[in-house]
Every structure is written in C-alpha cells, then in structure tokens.
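**Student:** Sequence order for the protein chains is C, A, U, R and G. Residues are numbered in the working numbering as their position in the first sequence, beginning at 1, plus a constant of 775. Residues are numbered in the working numbering as their position in the second sequence, beginning at 1, plus a constant of 139. Residue 258 in the working numbering sits at position 261 of the third sequence, and the numbers go up by one each step. Residues are numbered in the working numbering as their position in the fourth sequence, beginning at 1, plus a constant of 3. Residues are numbered in the working numbering as their position in the fifth sequence, beginning at 1, plus a constant of 4. Even glycine gets a Cβ: it sits at the ideal position worked out from N, Cα and C. Next up is a structure, given as structure tokens.
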Amino acid sequence: MTNARRSLYLHLGVIALLAALFFILPAYHVSSLARIMVLAVYAMGFNLLFGYTGLLSLGHALFFATGMYGLGLAMYHFDVPAEPAFVVGVICALVVAAAVGFLALRTSGVSFMIVTLMFAQAGYLTALYFGGWTRGDEGFVIRQDARVFLGADVSTETARYFAALTLFSVVFLAIAYLVRSPFGRTLVAIRENEERTRMLGYDTHRAKLIAVILSGTISGAAGAAYALLFGYAGATFATVQYSIFPLLWVLLGGAGTTLGPLIGVVFMFYLIDLSSSVTQAYMLIAGVALVLLTLFAPQGLAGELRRRAFRWLP
Amino acid sequence: GVAAASSFVPDVARFAHAQSSGPIKIGFQQHATGIGASYGRWYGRTTEAAAARINAMGGINGREVQIIAEDDGTDPKRGAEVVEKFAKQHECDIAFGTLFSHVVYGSAPRAGELKLPYFVVSEGHHVASGALNRYTLQPGITDVKSQVIAMAPFVSENLGKKVTMIYPDFAFGHDHRDFFTEAMTAQGGEIVASIAIPPTETSFTRYFPQIPRETEVLYHVMVGPAVLTFVKELGEFFGPSGPQLFGFIDSLEAVSFGSPGLEFLEGTYFWEGNPRHAQADQSEHDKAYRAAVGVNEMGASVEDEKDVSTYAHMFGCWETLNIIKAGMEASGYSGPGDRASLIEAVEAMTDMPESDDHPQGAKKFNGKTHQTFGHQYISKVMDGKLVKQHTTSIEDGMYEDEVDYTQMSF
Amino acid sequence: MEFGPHLMLAALEGAVTAAILALTAMGLSIVFGVMRVVNVAHGEFYMIGAVLAWVVASMVGVTPALGFLAALVIAPLVVGAIAVVADRVILERIAYDPDRTIVATIGLLYIIQQTTLMTFGPDARPVEPPFNHRLSLPWFEWGENGFAMFWPWGLSITSYKLFVILAAIAILTALWLFMTRTKAGLIMRATQQDSETAQAFGIPVGRVYSYVFGLGAGLAAMGAVLVVPIQQAHYLMGHDPLLLSFIVVIIGGLGSLPGTVIAAFLIGMSDGIISVFFSPTLAKIIATLVVALVLVFRPQGLMGRVER
Amino acid sequence: MASVNILSTRGLTKIYGGLAANEDVDFDLQRGKVTALIGPNGAGKSTFVGMVSGRIRATRGTVVFEDQDISALPAHERIRLGIAYTFQITSIYAGLSLYENVAIAARRRLGSSGRAVRSKVEAVLDQVGLRDRAEQIAGDLSYGHQRVLEIAMGLAQDPELFILDEPTQGLAETEVDDFVSLIKALAGETTILLIEHNMDVVMRTADHIHVLDMGRSLASGTPEEVRANAAVQAAYLGSAVDA
Amino acid sequence: MLKVSDIHVSYGRVKVLHGVSIEARAGEILCLLGRNGAGKTTLMKSIMGLLPLSAGQITLDGAPLSGRPAHDVPKAGVGYVPQGRRLFPELSVAENIEIGLMTCGSGPETREWVLELFPPLRNRLEQQASTLSGGEQQMLATARALCLRPRVLLLDEPTEGLQPSMIEQIRQVVQRMKDEGVAIVLVEQRVDAVLSIADRVTFIENGRDLETVTAAHLREQPDLLKTHLGV
Ligand SMILES: Nc1ncnc2c1ncn2[C@@H]1O[C@H](COP(=O)(O)OP(=O)(O)OP(=O)(O)O)[C@@H](O)[C@H]1O
Ligand SMILES: Nc1ncnc2c1ncn2[C@@H]1O[C@H](COP(=O)(O)OP(=O)(O)OP(=O)(O)O)[C@@H](O)[C@H]1O
Ligand SMILES: [Mg+2]
Ligand SMILES: [Mg+2]
C-alpha cells in the first residue's frame, strides 16, 4: 500500500471513528468531544503555520476571536442568520490574517512571535474598548433560537456533534491533502531552511503569507463555529492564554503531524478534566504531566508514534 | 439546627424516610483557580456550611444534599464544560454558585440547552437584563444595577454632587458607569469624569491626574489583586487633601483593613453587600451565620484572623441554597424530571423575610426577571473598622422589569 | 491637572515601571540570549520572588526595613536555586530543545502556580515598604510675573519609588560590569552560539546553562522583591511581567544588554506618557501597536545587529 | 539567436560598511562553457555570485541574464529563470531525508507531477552516487556527503546556469574525480560558473578562468593564460602552484 | 602521547566507529585518510569527549582522557580545529580568539603570535565571524585552536576552502607546531598534501582503522592508496 493511500485510509478512519463515538460514548463525553473537535480545528489551523511552516505565532487568539466576533456580532446586533454570519466570521478572520501576515512577515523568528502577540493583545484591548458593542470581557449570549445552521438546530446535542464533525472533517482532510501537496512540501522546506528554499526559486514570502492567511482563516472558522455551537462570545477568547493553548496542544500532540492537533486537544482536555475530579490541585498534575511528556515523548504524541512505529504517518 | 452543622458527614438514617434516598446533587461551579480564586474559596466555605446546616435539618425533601464542586478556573469556556459535566456526568439536579459574570454568560447557554436549573450568585446584571434564559436565576444576591441605583441618593445627599468615577474597563465597570450616571443625574448630581482603567493594569497613579479638581466625590470600584495598589496609590496621590471617597467593597474583599497602605481609607465610605465587621445592632441571624461559616466579628476566619473573607458577597451562596431548598420543597422536587416545576416554584417566590435562611436581610424576589432585590449597606471606615452608616430600603434599588422569563418556554 | 505636571507625573511613574521591568526583562534576556529557550515560567519566578518576599518579611517582622532587606537577599537566592534545580532536572535532559522547552516551562508554570496557590492561598499579600514618604514635587512655569514655582495638586512621588529606581540602576550597573568586565558574558555568548564547540574550548556548558538560568530567575525575583511594597504579591502576578519582558527583550534586540534597558525604559515611559493623551484603554492599544510597528519596521530590534 | 554571453555584469559593487567586497566588477559568462572564478580568500567571489543569484543585494551595478536585466528581481525569480546556486557553507534541509532534499529542488520546475519529480530525484541521486542513502536524514550525513547533496540539489533543477561555490570542499579524492566527470558531462548544455580553490579541479574542467582580487577583476582568460599571469601568481597561487 | 585504543562510538542507535586505534606521538604528524563518511570526524569528536564511547579508551600521556567531562579535554592541552570551522558566528574575530586564550589561560603574547601567523585576521578583529569569507573563517578556526598552546592538535580538514598560498601557510604552521614537539592529528582529503607533510598515515574505512604506515612507505607504495581509497 502506498503511503498516500495509507494516509487517506487513516484520515477517513479517524473521521469514521469520531462518527461512531457519537453512538458509543456516554452523553458527557459526546458533548466534550464536540467541543474538542472545534478546538482541534483551531489547533490544526495553528499547526499549519507552526508545525508545517515553522512560524511561531503567539497571537492566534486574535484570529479565533475575530471569527467568533464576526459571527457573534452579526447575529447579536443585526440578527443575521447563522449561515451568512458564519461566512462573515470566516471572512473577517481572513482579512485580519492577511493584514497581520502582511505586517508581521516583515519579521521572523522571535520578532514574529512578539509582533503577533502584540497585535493579538491590541485586538483584545479593542474588544474591551468597544465594550458597548462587544460587551467586553463579559461577552454575550447568542440567542438559542437563532442558532440554526442549514436547518439543523445546533443547540441540540446531535446537530452540534455532527456540525462539529463536519467542520473538523473538512479541515482535517483538506490539511492532510495540503501537506502532501507540492505547496505543503514547500512550507516544510521553508520551515527547515528558508534561505535554501528561496535559493531554489520559491517565493518564500508569498508562501508564508498564504500560510498565515490559511492558518488564520481556519482558526477563525473554529472561533465562529465555537460561538455558534456553544452560544457564547467573549473577550476571554482573545486573551494571550488562548494563543498559548493551540501551541500547547500542537506541541503535545506532535507539531507537523496531521493527527497531532486532535490528539493534543484530547489529551489536554482529559488531563484537566480527569485530574480535576481527583484533586483540586489538578494544575499540579497537569504541570507534572507536561514535564514528563517532554522528557519521554520529545516529538509529541503523534510525533512519537511516527518515530517509533509508523514512519509514514503524515 | 445550627449546632448540628458541624457534623459534615450526615447521618444516613436521618434521610431514610425520603422517597428516593439518593442525595440531591448540587453542582457547585467554583472559582478555585484563576482570578476569582479568593472569592471561590469563601464561596466554597459558605456553601459547605449552608449544605451542612440543611443536612442537619434533615436535608431537602428528606434527602441529603450533596455538593459537587468543580473548578471552572474562572474561565467561561471551562465554565460551560463544568456545567456539562454536572448535567451529564455527575447527574446533578441543579448547578449553582457562579460569581464572575463572564463565566455566567459562558455557561448559561449550556445550562439552558441542558435544561439544568442554574442558580448564580454573581451580582451581575445579566439575569435581570434578559440576556440569559429561563433556567438561569439569581435569587440570592442583588444585582449590580440595583446596588448602584440605591447608592445614588446617599452619595448626592451626604458626600457631594460632582462625582468622578474610576472603574475597570470591563462590562462590570461599564454597568457601574451606566447605572450610576443615570441614577446620579436623577438625583441632581453630575458625573464630571469617568475613567475606565484597562484590565491587567498594575499601577494607577498616572491616571489620577485625569480626575478633575472640582470633584467632590471619587467613586471607585476596582476588582482583582491590584486593588490594594490602587487604593494605596490613590492615598499617595491625594495626600492629605482629597475628595470624599466612595467605593465598592469589591475592591477590598478578602483584604484586611490592617494592610499597610490602607490607613488612608480612614473616614471613607463603602458599599457593602453585607457588613463585614459585626455591627452594634448585629442580628441573631448574622451571628448564627457567622458561626456556621466560621467567620469572626471582623469577618475573618476564626482559625486565622489574617484570613479575611469575602463577606459582602458570600452570603449569596448561603441564601441561594436555602431558596433552592424552599423551591424544591414547594415543588415536591424528586428528580430531574421536576426541574421545570422547581423553576416555577422559585419564580413564584416573592418576599423573603430576614431569617436564619436570609441573614443578610429581607429580600423581594421578582419571578419575572429572576432577580432578587435586597437591602444595601453603606459603611464608613472608622478606626480601621467598617461602621454601618446607612441601610437602603429595598425599594431604593428597584427598577423596571427588562424581561419576563416566565413567558418563555422551558 | 495641568499638562506639564501631568506629563511629569506620568514620566516618573513610567520610570518606576521601567526600573522593575528592566530588571525582570534582563533576567529573561540573559536566559533567552544565552540558552535560546523561551522560558514561559519566567513570570512565575518573578511571582515566587514576590511571594517569598512577603513570607520572609512577615517572618522577620522586627521592623519593615529589616524584613525587606532580608527579603531582598533571601528571595532571589531561593528563586535562583529553584531555577538551577529546574534546569538540572528538566531542561538539561531535554537538551534545551526549543519546542520541548516551551511545553516543559508551561508545565513548570502550572506546577509553580498551583503550589503557590495551595501553600500561600489566592489573596494579594502586601509587604510594608522599608520607608515611604510622600514627596510633593514643585513645578516651574513662566507666568505673568516671570518664572514661578508652585506645588501642583497631586504631583508627588514616594521616597520608596525613588529608591526602586536607584536600586534598579545599581543592580543593572553591577550586572553590566559583571557581563562586560569579567569573561562571563563572553562565555555565555559562546555557549549560546555553539555549545559543542564551546565544550571543545573548555567551557563547562552544563554549568554555564544552570548558572544562567539561575541568574535570570534571580533577577526576576529581585525585581519582584522591589515591587511588592508597591504592588502586592499574588499567585497570578507573573503573567504580565512575562509578556512585557519578552516584548522588551525583543524590542531591545536579542542579547543586547543596553538594548534591553533602553527598551524597558521606552516601554515603561511610553505607557505612561501615551496615557496622558488618550483614555486609558485606548492609550494601551496605541502603545501596544506602536511597539508592534517598531518591530515591523525594525525587525532586529532597537539595538540588534542588522543582518545582511 | 541567443547571444554568446548568458550572463554579464556591469559595475557590480557591494559595500559592507565602508569596505568594498566587490567593486565595479564587469564580467561576461560564455554560454555552455565552464568558467572558473578564482581568487584569494576574501577576494569577493562568494559575494559576487551572491549578487548574481540575488541572495545578496548589490550596492549598485547591473546583472543581465539571457539578455534580460535582472538587477531588480528578487532571488527566487532569478532562480526561476534558470540559475541554480550551491552554497559555499553547506545549506541543506538537515531535518529531511536526502530524497526529500532533492525532491524539493526538483519540484519547483516539475511541479505537481509526482512521477516526474520521482524519476528526476532518482536520476540525480544516481548521478552523484547517493542513491543508497536516499532515506537517510540529511543532517546525519558526513560533511563530504552533505557537500555532494548540495550539488545534487543544484542538478535537480536542470539549470541553464549552474553556480557552484567551492563544491569540492571536503570531498575525498575519489569523489573529486567523480565531480570532475560530472562537470564535464554537463558542460555544453549547461553553463557552469565554478568557484574553486582546488587548482587541479580548475585546470581539469575550466574553459575559461576569471580572477578576482580584493573585490576587483584581476585577470581573465584561458587556463594557460591565467596561470602564466604574474599578477595572479603573486596574489593567489603563491609558491604552491603545483597543478 | 595521545593513544586511542579500540574505541566504539555510535550516534544514538547508529553505530559509526567499530574499533579504532591510533596513536599520535610528540613531534609527529599523523594523518587520517578515508573516504567521505568513513568516520574521521567522529573519531576527532570522540577524542574531544564530545561523543560517549561505548567501548575502548583514550589516554593522554598514559592518563585516561575518556570518561572526563568534555570541557576538561581541551584543558589537558588538546586543541581542536573542527570540520566546517564551527566558529562562534556572532562573536567578533577578537572574541573568538579570546575564547581560545581563555581555555588554558594563555596570555597576550599568544594572541600576538597567532595574529602574526594569520595576518588577514588582524584587520578584521572587530568583524563578526559569520561574515568572514570562507577562507578567513578557516584561518580563524585554526588560530583559535592554537591559542591553547596545545600539546596535541587535532585538525579536521583545515585547508578546505583555502587559496593555495594559504594552504601553504597553514602547512608551515603545522610544521612549526610539529617542530615544537606537538603531537598532531590531521585529517586531509588531498593525498598529495598529506604525503608531503605526514610522518605516518592511518587509513580509516567504515569506522575501522585499516592500516597505519609511514609516509615514506606510502610514497614508495602508492598502490596502498588505490587499495584503501580507490584513487
Ligand atoms: N556581511 C558582511 N559584513 C562585512 N564584511 C563582509 C560581509 N560579508 C562578507 N564580508 C567581507 O567581504 C569580503 C569578501 O567575502 P567573500 O565571501 O565574497 O569572499 P570569497 O572570495 O568568497 O572568499 P573565500 O574564498 O574565502 O570564500 C571578505 O573580506 C569578507 O570578510
Ligand atoms: N549526527 C549523526 N547521526 C547519525 N549518523 C551520523 C551523524 N553524524 C555522522 N553520522 C554518520 O557517521 C558516519 C561517519 O561520519 P563522519 O562525519 O565521521 O565521516 P568523515 O569521515 O568525517 O567524512 P567526511 O570526509 O565526509 O567529513 C557517516 O556515515 C555519517 O552518515
Ligand atoms: Mg567564498
Ligand atoms: Mg569529516
């Protein structure tokens, strides 16, 4: 079996498994999984830029929040139906990502980290400053009866789960395809050695800009979906912490792997969820777990799988 | 029954006569970590004490009350997850106890979807503003709009007409700004400046010059760990000659008035949800409540007098639990199937007289807006103690209904 | 308040912020510059420094000055020791791999934060300053009757805040002498650039890293001890210093000591001064964007070397 | 009819903080020939080819490639016109397999056709004798093999103009011999600009030699002419001229 | 003086040296010859203590060198010119030299001495090492190692990328070191250069030492080159 075929089966298999889990898992885990899938989309967007292109952004919360507010404000203030509002959210994220990419890509390395961080911080403060519109830190609730997407009431468990699964699957497959494509390989080449790549005739700046835009747009789609599926938008999601999360997820799951983001989110979610039911000091457990993981799974969970068993893992 | 409250492990036999002897599970959304942790700890202690008391009195409908606390990290995302966990994993009967309003906003939609009664103790104006849903109620603590409105007459009559407001650039601060400005104007006063301080700010002096000279009253309401700095720097800025200060005690919850730098607050006024320092006219109910929670006359832990409570807010947990009990008993609550009737029973409540169940004072509950209204206290700092100067009437804090939840379907 | 005095007050406040920031950022700059690791837990070292200052000060307790002095010595040492242990136990074993260090130090951040929460609780803890006098400041102006001096309302600083500025200058000068007059700085930079070759030239790389990590943490703790009499110790207080330090280090130009100080000064000041002209949050937004744009148009930072 | 010169520079200059690494270099490169660029260390050879390829921005001067003024083009567009460049200081994808290293080089031209890329990569790896190491991670290769890989990446681009900056550095003698045959095989179709200090290699391969010294052109001509040039002797070859 | 006895070395799971023994004697130049990837650099690094030995021993004047921490090896008087120069790229030329001086506490006269050996460096003392031309970098790398005033000098392809006259110069430097009694281990690819300078030659192939012969012997029997190197 060729690697391409193996990879296709793997991805379809993951999607099928997620679909099956809806019928198997207890109710609580089903709703957790819906949330995990949306966050995994966010992580996949981040991974495209960090894991594949080698650009470490500390400002992805800006894109997530832009998608979230794009959809949320359209629905909250203008009673825009969910479908066009979703498009608005995604487009807003795209535009913001393009602007940030345009400016931030003049820098590289740590400067890129800081510039994205600062833009995101400015975005967060802007959300607070226009508190009259955004309801600031408190955020706002999106009316439950308006949360109907393509005829499905996504405030119900089933519709929500499958809406999340659909978004996840689309992005998951698209990224799996993308990273095997010549463009994806170019991104990896940039990650490994940008100067060399440029001197092989690739327009690295353009490729990086496209990567930022794609990554930001996917993250924005995740934000819009989050607001729609869970009915809330707020400035908390624009804080630095929410820029660090995808980094953590991706590093845990395995940067530069298609499966890593999902694995990372699942791991982190259940690490907190399970340890918090054992003890109040769950952050301590989480902290120790993270440290141990770096010691014993240096390339993240999926990265370790790839290193130890499945060399072909995409 | 208070004496028995010390037995935290309830006697199983006492609950034997219940139809279903399983406990009533109350999911307690606790700010154990994150920015709300100081409050979360005391909300926890109060809730434990209230539950122990209820259990000592035979539980609810003969069933033991079991508090299931989950940390929400003072984060709206985790808040929603915790609500899901209550509903689906712990199979709680209700969820309860949230303070920070962004967590309320983040969690309430899920509570509504899950049809899980969600009793918040947040003082935010979210419930009564109609932003939430029929499953979300705030019966145990007055909301900020009401608190603020009730302050205006006292401020304008006793302290001055020209007010400068300093508040965090959060929705919570904006509520203060909007409602107080309106109420003050109605009293013939004037807001001469409003200074919104960005969150995460740790030093404040540079903003103080924006306070106009003509200011007669400085109205401050800051939250978070930087408030001590705020107050201290305010003192250093004005030196001996400043305007009258009127603050919300939110700034200094869990902070001892003996802390260095706070000498400067001597002679200033504070809103208090519930007087921290036991007053001369302390009621028996307050005495009993303090004893049950383990708080001394100075509002600090009896075990450690440096450990100051969040006295102005945490009574809300105590009272809310008692209201839940009353609601469950009135509706004959026996399980999740009766959640709607529990809501209806609470909505039907009106007057809540001062009692051991309501040690903070009498309240009027508005079933349409799901919001309770109570007395507010204004205290003055005298010799490092908060001495009550004025108690507002319940009517002082009334405003027109903005929503009628009872018209919404379940 | 009049414009002139207002500006002056903002500048003074900015200087205090800058002083603390410079110390904290310098710690990060050394760690980041030498080890090229993003130490996400740097803010937590600052935080434990502050909390320990409170612990030490309240244990000593004889007079505030004595308590403070003890804290100033003990807290940085303890924090430095903690950092050295963390380096030996964790970072050294993951070979300072940049990605893994991020995860590991996030883990460390959780561990430190939670441990502090459980040990010392969530409340803000004040430390009494060793001395604290309000010093009203005069202002000079050309009035109708010539040059006049007056005492504007509110224009003041405290003796302690002045002390903080001076102390920061003293510590930074000592550090600068240490880095430039001794061989330490050279050894650190060589280690950073090629640790294998550094070993081949007799540099004990492992030990250099440990000391650097300890020194960085110690500096953060020192900043924190200085700040607790102004701001209180709190288990979440590490967040802001971490972000600001990072910004300062990068704006200053990676590995440039003077750059870090200048950047700390500029950021501390700009924050204060921009706030004179705009409403507070807007001022913060503008200050943030200005800093971001500085980097956009000068990616190597203020004092960084220009690449070819 | 294309002109004889595939590349010419006029007045090409690079100044680093006052120091001229290249000063007014006029240079013509004949199509299909092997031209060696030699000169003392620090003469500015790498700087020169860096400016030709666009890696280094020229202070002033023009570069004309295939009758087109490319002075203003960014590096990647120049490469696209058919210039391949190998680095003096090895620059490979240390974290990727050898195969992928070459594939990235090949893919830019062969684009989406996976099959074409594959056969190109295999052909190139055969050519340089690294086929059996194709799956190894490039960073784990010995230095000499990394140098060979660097050359392979150039080959994979099927360039019009192939610029090699000291390709035989670190190569064992057998590999050097292979390299010489490789260059001879390419000559004719591909124009080659070779920077070399190994005079033996230069003499065996070059049709034409251009000498640079202290940033300026010192001499230019056939190998014999250059070897006989006294100025070159003095500046460069020293007493060690043994080739 | 320096004795390497039957060492085995691997990178992670990849075993590279399978039992190599060499001996460098004072006042003598030992050359290592071998194809690309034979393990020459690996051997040098192992001597410097930069790679752990899985078996075997390295001694200097009879005292064990292996097993000591890597930073002790240079202090024992072993100078190293790594392959590919490995300068401290962002340090200036002067600082790179300073590091070399620091290793064994050499004084300013050593500094003068190396700058005299490589005059082009003197004009570039403040330049950042990474911006030096390839050849200048190689000079700096050699100069830095000489700063130790080493008793044993390891040179890994030190003439790579150098102009012929400079190669000659480095050769003279090496010769001079030899005359001063330094034991020298030299990795070189150019057989002709090796033959003119070496005292003895060790052939390395696939991580093993095949044979050690004197240079004179090699000059007489060039066939050996063919058998071992395929030249
Ligand atoms: N970024 C820079 N800043 C300052 N000087 C530089 C820079 N880059 C190169 N130089 C100098 O320019 C001169 C020419 O360098 P170049 O690399 O072109 O030499 P070269 O001819 O390739 O030498 P070699 O044969 O040793 O590789 C050198 O003296 C070098 O030190
Ligand atoms: N970091 C590494 N990880 C795994 N294998 C390595 C590593 N470095 C080198 N090798 C392998 O070890 C073997 C010997 O490499 P070494 O660099 O010692 O060769 P060399 O004799 O110095 O070759 P050259 O003449 O090309 O410099 C090679 O096969 C190489 O692929
Ligand atoms: Mg060169
Ligand atoms: Mg080698």
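1. Which value, in whole angstroms, describes the spacing of the CA atoms of R960/C and M23/U?
2. Closer than 7 Å, Cβ to any Cβ of chain U: which residues of the segment 81 to 102 of chain G, in chain order?
3. Within 8 Å (strictly less), CB to CB, does E164/G reach chain R?
4. Buried or exposed for P1089/C, going by 16 or more other Cβ atoms inside 10 Å?
5. Can you find a CB in chain U that lies within less than 8 Å of the CB of F454/A?
6. When the cut-off is 8 Å and only beta carbons count, does Y244/A lie next to chain C?
7. Is any heavy atom in ligand 2 found nearer than 7 Å to the beta carbon of N8/R?
8. Is it right to say D268/U is buried, meaning 16 or more other beta carbons lie within 10 angstroms of its own, or is it exposed?
9. For R202/A, report the span of its alpha helix (DSSP H) as first-last.
10. Note down, in chain order, every chain C residue with its Cβ under 8 Å from the Cβ of S56/R.
11. Could you round the C-beta distance between K503/A and D543/A to whole angstroms and report it? I think they count as a contact, below 8 Å.
12. Leaving out five residues on either side along the sequence, give the residues of the same chain with a beta carbon under 8 Å from the beta carbon of H156/A.
13. Just to confirm before moving on: does the CB-CB distance between I330/A and T320/A stay below 8 Å?
14. Would you say the beta carbon of L22/R comes nearer than 7 Å to a heavy atom of ligand 1?
15. Return yes when at least one heavy atom of ligand 2 lies under 7 Å from the C-beta of D135/R, else no.
16. Mind checking I166/U: buried by the 16 CB within 10 Å criterion, or exposed?
17. Between K180/U and chain G, is the shortest Cβ-Cβ distance under 8 Å, so that the two count as touching?
18. Give me the Cα-Cα distance between E353/A and H529/A, rounded to the nearest whole angstrom.
19. Is the beta carbon of V205/G sitting closer than 8 Å to the one on V186/G?
20. Under the three-state reduction of DSSP, which class applies to K371/A: helix, strand or coil?
21. Looking only at C-alpha atoms, which of V131/R, I186/R and P162/R sits nearest to G85/R?
22. Would you call the segment 804 to 816 of chain C and the segment 971 to 991 of chain C in contact, with 3 or more CB pairs under 8 Å?
23. Comparing the C-beta of D308/A with each C-beta of chain U, is any distance below 8 Å?
24. How about Q111/U: is its C-beta nearer than 8 Å to some C-beta of chain C?
25. Please tell me whether H416/A and D495/A are closer than 8 Å, where the distance is taken between their beta carbons.
26. Would you say the beta carbon of A46/R is closer than 7 Å to some non-hydrogen atom of ligand 1?
27. For I305/A, count neighbouring Cβ atoms within 10 angstroms of its own Cβ and tell me buried if that reaches 16, exposed if not.
28. On a Cα-Cα basis, can you pick out the residue from E858/C, E913/C, Y1045/C and G1029/C that is closest to S261/A?
29. Residues of the segment 140 to 164 of chain R with a CB closer than 8 Å to any CB of chain C: list them in chain order, please.
30. In chain U, which residues lie less than 9 Å from A67/G when you measure between Cβ atoms?
31. Out of curiosity, what's the CA-to-CA distance linking F30/R and A147/G?
32. Suppose contacts are defined by Cβ-Cβ distances below 8 Å. Is V1063/C in contact with I270/U by that definition?
33. What distance in whole Å lies between the Cβ atoms of A121/U and P307/A, which are believed to be in contact at a cut-off of 8 Å?
34. Taking a cut of 8 Å between CB atoms, which residues from the segment 893 to 917 of chain C lie near chain A?
35. Counting only the same chain and skipping the five closest in sequence on each side, list residues whose C-beta sits under 7 Å from that of Y899/C.
36. For my contact list, P399/A and E355/A are in at a C-beta cut-off of 8 Å; report their separation, rounded to the angstrom.
**Tutor:** Checking against the coordinates, here is how it stands:
1. Looking at the two C-alpha atoms, the distance is approximately 39 Å.
2. So the list reads Y84, P86, R90, F92, P93, E94, L95, E99 and E102, given in the order they occur along the chain.
3. For E164/G, the answer is yes, since a Cβ of chain R falls inside 8 Å of its Cβ.
4. By the 10 Å Cβ count, P1089/C comes out buried.
5. Taking Cβ atoms only, chain U never reaches closer than 8 Å to F454/A, which makes this a no.
6. Yes - at least one Cβ of chain C is within 8 Å of the one on Y244/A.
7. No; taking the cut-off as 7 Å, the Cβ of N8/R has no heavy atom of ligand 2 nearer than that.
8. Residue environment: D268/U is assigned as buried (16 or more neighbouring CB atoms within 10 Å of its CB, all protein chains considered).
9. For R202/A, no alpha helix (DSSP H) segment is defined, and its DSSP state is neither H nor E.
10. In chain order: M974.
11. The beta carbons of K503/A and D543/A sit about 16 Å from each other, so the pair does not count as a contact at 8 Å.
12. At H156/A, the pLDDT of 47 sits below 50, so the modelled position is not reliable; the number obtained from the coordinates is stated separately. Scanning its chain for C-beta atoms nearer than 8 Å, with the 5 sequence neighbours on each side dropped, one finds around H156/A the residues G201, in chain order.
13. By the CB criterion at 8 Å, I330/A and T320/A fall inside the cutoff.
14. For ligand 1, at least one heavy atom lies less than 7 Å from the Cβ of L22/R.
15. No, since every heavy atom of ligand 2 falls outside the 7 Å radius drawn around the Cβ of D135/R.
16. By the 10 Å Cβ count, I166/U comes out exposed.
17. Residue-level contact check: K180/U touches chain G, since one or more beta carbons of chain G fall below 8 Å from its beta carbon.
18. Distance between the alpha carbons of E353/A and H529/A is about 26 Å.
19. The answer is no: Cβ separation not under 8 Å.
20. Here K371/A carries a helix assignment [DSSP, helix/strand/coil].
21. Measuring C-alpha to C-alpha distances from G85/R to each of V131/R, I186/R and P162/R identifies P162/R as the nearest.
22. Below 8 Å, too few C-beta pairs join the segment 804 to 816 of chain C and the segment 971 to 991 of chain C to call them touching: fewer than three.
23. At least one C-beta of chain U is nearer than 8 Å to the C-beta of D308/A.
24. Yes, Q111/U lies at the interface with chain C (some Cβ there is under 8 Å from its Cβ).
25. Taking C-beta atoms as the reference points, H416/A and D495/A fail to come closer than 8 Å.
26. Yes; taking the cut-off as 7 Å, the Cβ of A46/R has a heavy atom of ligand 1 nearer than that.
27. So I305/A counts as buried.
28. Of the listed residues, the one whose Cα sits closest to S261/A is E913/C.
29. Taking 8 Å as the cut-off between beta carbons, the residues of the segment 140 to 164 of chain R near chain C are M156 and Q160, in sequence order.
30. What A67/G touches in chain U: nothing, since even the nearest Cβ is about 17 Å away.
31. Looking at the backbone, the Cα of F30/R and that of A147/G are separated by about 35 Å.
32. Taking 8 Å as the Cβ cut-off, V1063/C and I270/U do not qualify as a contacting pair.
33. 15 Å between Cβ atoms; not a contact.
34. The residues in question are L900, L903, Y904, G906, G907, R910, G911, D912, E913, G914, F915, V916 and I917.
35. The residues A1010, A1013 and T1014, in chain order, have a CB closer than 7 Å to that of Y899/C in the same chain once the five nearest residues on each side in sequence are set aside.
36. About 28 Å; that fails the 8 Å criterion.
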